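Each remark here refers to the structure printed beneath this line.
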Ligand SMILES: Nc1ncnc2c1ncn2[C@@H]1O[C@H](COP(=O)(O)OP(=O)(O)OP(=O)(O)O)[C@@H](O)[C@H]1O
Ligand SMILES: [Mg+2]
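Protein chains in written order, with our numbering: chain A, -1 to 260; chain B, 41 to 332.
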């Protein structure tokens, strides 16, 4: 994660303070939560106490059903990222490399990028069904745009002389892409994938909560519909932690240990 | 890439005449290159010709903006749309050619590759297997005096070392003709002199046919067998100066009387051209100011 990188850049004592501040905000949030839960201001079941949620998490993690649905959602997101990522990188390179393509299509990508993809969900349901197919499609729609935009930007930022070096050694078109474009664009591509992953998770889960028959989003909405609040919060918490973990992992790829890559 | 308007090597005409023309490794005939710009047509190079004999070290010197890099890109096959001919051992070429190896004016090492991976790049491109290309790369790394730095990244090297990596990388492709565009421009004077020694020594050892493009008089005289002086834009041939300094030659030669005479002679011609360029730049700046 970006924040983790920032911590590394400052002096050790300051770093300790940052970690303390971080822990403090979490403690404060949890304390406020617990206070609200205890006060009875809201419906007791709407804000269950931490202990109840904790127990629900324990129960959740002990059911095979949870892992089955988790792996379905994970597979949907991975599939979406794979398809959307490949398409995004290819389109990004094409647009970054070709001025005419850029002039023709770049504005589409810029303006379509931030529109909520959920409006396409009914169409996706019709095309790909209620199952994972439509969820993957939503994930693809979500992550394609940020990845294409980053890749196009990265492509344009490649030092032009490196391309001329490649041409002078008479590289083939494929070698140009694999040995010059892609390694030179590593940082923007990884960054695009990170953004893409975020929105792929959102797109996929949103679709699952709308209409589905499996997956984590389905479990969440099921818990909600039977008013099993502790279970719902348990699911949300687990999901939250997993997303942070995956994002942090991808962030690592952008800043590898070897020097000289940036 | 949008810039790939130039085809990869196409041999237009093969005129491998026995004997006769074979004395020229590289021949450039009557090159004319015009650019269309917003302010009209700019003739960057106007009827420039040169020929390099096998094993010769030839320099082209000219003031900034006289069309040197344009010429470099045309010979290297990276720029099309010109009039005239470029021939390698009598064979007319258009587009890039394996006989020509280029070293660029700008920093051009691949930052994500180590020194050895950089130098092995052209060998990787032609599909040489890893062991063989690493061995070849090591050989050329040692030649430019970078042994021990094989596993460093360019960001861990000085500017002079990085430029040596670029030179080693081009040498590793074993081009018949080494074509360099101000390879030392970004370096300080001392590094430039010492690196010049290195390049000259390699050139002599390999009997490498070399065409150096430069705006540095000292460098041109220190290294070359012949120096061609270019006029300011449009770039034409102004004068040919044969450098009769003995070989082996090193940078100590710059203190000799003969060296001083060559420098003075070239500067005499170049001064006029360089000041033309400067006046033009100044008047353009003045025009732009008055427009605003
Ligand atoms: N792509 C281009 N479009 C328009 N004009 C160009 C282009 N490339 C070069 N020129 C013009 O052609 C002239 C020669 O440029 P060139 O880069 O060959 O000069 P140079 O001798 O290499 O200069 P320097 O010593 O500064 O590197 C310059 O006036 C430049 O403005
Ligand atoms: Mg130049």
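Just so it is clear, CB atoms sit at the ideal spot from N, CA and C, and this is done for glycine as well.
Source: prediction; values computed, not measured.
Beta-carbon separation (whole angstroms), residue i vs residue j, contact threshold 8 Å
i              : j              : result
residue 215(A) : residue 203(A) : 4 Å
residue 277(B) : residue 89(B)  : 7 Å
residue 310(A) : residue 228(A) : Here chain A comprises residues numbered -1 to 260, so residue 310(A) is not present and cannot be evaluated.
residue 55(A)  : residue 232(A) : 4 Å
Rounded straight-line distance, which links the Cα of residue j to that of residue i
i              : j              : result
residue 222(A) : residue 121(A) : 26 Å
residue 207(A) : residue 17(A)  : 35 Å
residue 22(B)  : residue 228(B) : An answer regarding residue 22(B) cannot be provided, because it is not within the stretch 41 to 332 covered by chain B.
residue 93(A)  : residue 145(A) : 12 Å
residue 291(B) : residue 301(B) : 16 Å
residue 210(B) : residue 200(A) : 49 Å
residue 32(A)  : residue 84(A)  : 45 Å
residue 155(A) : residue 192(A) : 19 Å
residue 238(B) : residue 201(B) : 12 Å
residue 224(B) : residue 10(A)  : 42 Å
residue 321(B) : residue 182(B) : 43 Å
residue 146(B) : residue 245(A) : 37 Å
residue 60(A)  : residue 134(A) : 27 Å
residue 219(A) : residue 27(A)  : 24 Å
Residue of the options minimising C-alpha distance to residue i
i              : options                        : result
residue 186(B) : 204(B), 314(B), 172(B)         : 204(B)
residue 74(A)  : 245(A), 247(A), 210(A), 246(A) : 210(A)
residue 205(A) : 28(A), 138(A), 69(A), 98(A)    : 138(A)
residue 71(B)  : 322(B), 159(B), 121(B), 259(B) : 121(B)
residue 86(B)  : 329(B), 289(B), 275(B)         : 275(B)
residue 106(B) : 283(B), 180(B), 182(B), 313(B) : 313(B)
residue 254(B) : 202(B), 219(B), 207(B)         : 219(B)
residue 315(B) : 68(B), 103(B), 88(B)           : 103(B)
residue 264(B) : 131(B), 285(B), 165(B)         : 285(B)
residue 101(B) : 281(B), 325(B), 80(B)          : 281(B)
residue 172(A) : 64(B), 165(B), 67(B)           : 165(B)
residue 233(B) : 127(B), 251(B), 138(B), 260(B) : 260(B)
residue 159(A) : 179(A), 140(A), 148(A)         : 179(A)
residue 166(A) : 157(B), 93(B), 262(B), 139(B)  : 139(B)
residue 67(B)  : 250(B), 296(B), 230(B)         : 250(B)
residue 48(A)  : 235(A), 164(A), 87(A), 123(A)  : 235(A)
Proximal residues to residue i (C-beta, below 6 Å), its chain only, five neighbours per side dropped
i              : result
residue 213(B) : 141, 162
residue 64(A)  : 58
residue 45(A)  : 34, 35
residue 143(B) : 206, 207, 210, 220, 223
residue 148(A) : 186, 189, 190
Contacts around residue i, its chain only, beta-carbon distance under 7 Å, and the 5 residues preceding and following it disregarded
i              : result
residue 143(A) : 107, 110, 111
residue 199(B) : 226, 227
residue 67(A)  : 212, 213, 214, 216, 217
residue 95(A)  : 153
residue 168(A) : none
residue 129(A) : 211
Residue i (DSSP reduced to helix, strand or coil)
i              : result
residue 67(B)  : strand
residue 75(A)  : helix
residue 124(B) : strand
residue 239(A) : helix
residue 275(B) : strand
residue 247(A) : helix
residue 312(B) : helix
residue 317(B) : helix
residue 69(A)  : helix
residue 84(B)  : strand
residue 141(B) : strand
residue 43(A)  : coil
residue 295(B) : helix
residue 216(B) : coil
residue 147(B) : coil
residue 221(B) : strand
Own chain partners of residue i with C-beta closer than 8 Å, once the 5 adjacent residues on each side are dropped
i              : result
residue 104(A) : 93, 150
residue 317(B) : 103, 104, 105, 106, 272, 273
residue 96(B)  : 65, 249, 250, 265, 266
Heavy atom of ligand 3 within 8 Å of residue i beta-carbon
i              : result
residue 158(A) : Here the bound small molecules are ligand 1 and ligand 2; ligand 3 is not part of this structure.
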